[in-house]
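First comes the structure, then the notes that go with it.
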Amino acid sequence: MTVVSPLGYRFPGGTYTIAHWENWLLTDCTTAEPLPDDLAHPVALFHVPILGAGTSITTLFEVCGAEGPGSVGLDGYDWEYMRPLRIGVEYRMEGGIVRWEQLVDERGNPYDSMSFSIEMFDAEGLAARITNTWRFRRRKPEGVTGATS
Numbered sequence: 013m014t015v016v017s018p019l020g021y022r023f024p025g026g027t028y029t030i031a032h033w034e035n036w037l038l039t040d041c042t043t044a045e046p047l048p049d050d051l052a053h054p055v056a057l058f059h060v061p062i063l064g065a066g067t068s069i070t071t072l073f074e075v076c077g078a079e080g081p082g083s084v085g086l087d088g089y090d091w092e093y094m095r096p097l098r099i100g101v102e103y104r105m106e107g108g109i110v111r112w113e114q115l116v117d118e119r120g121n122p123y124d125s126m127s128f129s130i131e132m133f134d135a136e137g138l139a140a141r142i143t144n145t146w147r148f149r150r151r152k153p154e155g156v157t158g159a160t161s
């Protein structure tokens with residue numbers, strides 16, 4: 013399957029406020045103690061930016077042409093904090109797909125490597141940025157076997 017490059021695809025954008033109950037659940041599921049001063053648990057950066065940017069994992073799979081169960085993997089994520097995130101603060105999010113490469117692994121299997129970035133803003137400015145890199149495994153074209161030289 014050849015997918016048209018989604019490089020430059022922009023998320024609709026939007027806002028998100030981390031609720032107290034949500035932060036409590038995130039803290040509880042990591043068996044951590046609640047943080048002081050209404051600080052949000054760092055694990056919130058797994059889902060808050062995606063939801064706040066007005067997109068979803070399902071949409072990202074569709075835009076990038078995921079081929080089914082097991083075809084997408086996480087190659088890495090980078091979380092940058094410009095200041096602590098807090099419960100009850102409204103954050104504005106914007107972002108999109110910032111990198112797309114068609115590659116072949118060491119076994120000759122094709123895949124697309126995609127990175128998306130989302131920035132979170134509070135009333136003072138940029139508060140955090142995430143950049144996640146995902147791998148979209150592709151089927152080899154018919155008649156192609158093994159690694160190529």
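Just remember that this note's numbering sits 12 ahead of the position in the sequence shown, which is counted from 1. Every residue, glycine too, gets a C-beta built ideally from N, C-alpha and C. None of the values given here were measured: they were computed from a predicted structure.
Which of helix, strand or coil does DSSP assign to residue i?
| i | result |
| --- | --- |
| P40 | The identity of residue 40 in the sequence shown is Asp, whereas the question assumes Pro. Looking at D40 - three-state DSSP - the assignment turns out to be helix. |
| N35 | helix |
| L47 | coil |
| L86 | strand |
Classify residue i as buried or exposed, calling it buried when 16 or more other Cβ atoms lie within 10 Å of its own Cβ.
| i | result |
| --- | --- |
| G107 | buried |
| W146 | buried |
| I142 | buried |
| A5 | The shown model of the chain, from 13 to 161, leaves out residue 5, and the question about it has no answer. |
Give the C-beta separation of residue i and residue j to the nearest angstrom, bearing in mind that I take them to be a contact with Cβ-Cβ under 8 Å.
| i | j | result |
| --- | --- | --- |
| L97 | A140 | 6 Å |
Taking the alpha-carbon positions, what's the residue i to residue j distance?
| i | j | result |
| --- | --- | --- |
| R111 | G77 | 15 Å |
| V60 | F73 | 18 Å |
| L138 | L57 | 14 Å |
| P46 | T39 | 6 Å |
| A65 | P153 | 35 Å |
| V75 | R149 | 14 Å |
| C41 | E34 | 11 Å |
| G88 | F23 | 20 Å |
| A52 | W91 | 14 Å |
| R119 | S125 | 16 Å |
Taking CB distances under 9 Å as the criterion, tell me whether residue i reaches chain B.
| i | result |
| --- | --- |
| G100 | Given the protein chain composition of this structure (a single chain), no chain B is represented. |
Can you tell me where the alpha helix (DSSP H) with residue i in it begins and where it stops?
| i | result |
| --- | --- |
| F73 | 69-75 |
| G64 | 60-64 |
Looking at the secondary structure, which residues open and close the beta strand (DSSP E) in which residue i lies?
| i | result |
| --- | --- |
| A140 | 137-149 |
| F23 | Premise fails: F23 is in no beta strand (DSSP E) and is neither H nor E. |
| D124 | 122-134 |
| E102 | 102-116 |
Check whether the Cβ of residue i sits closer than 8 Å to any heavy atom of the ligand NAD, and report yes or no.
| i | result |
| --- | --- |
| E34 | In the structure on display, the ligand NAD does not appear, and there are no ligands present to speak of. |
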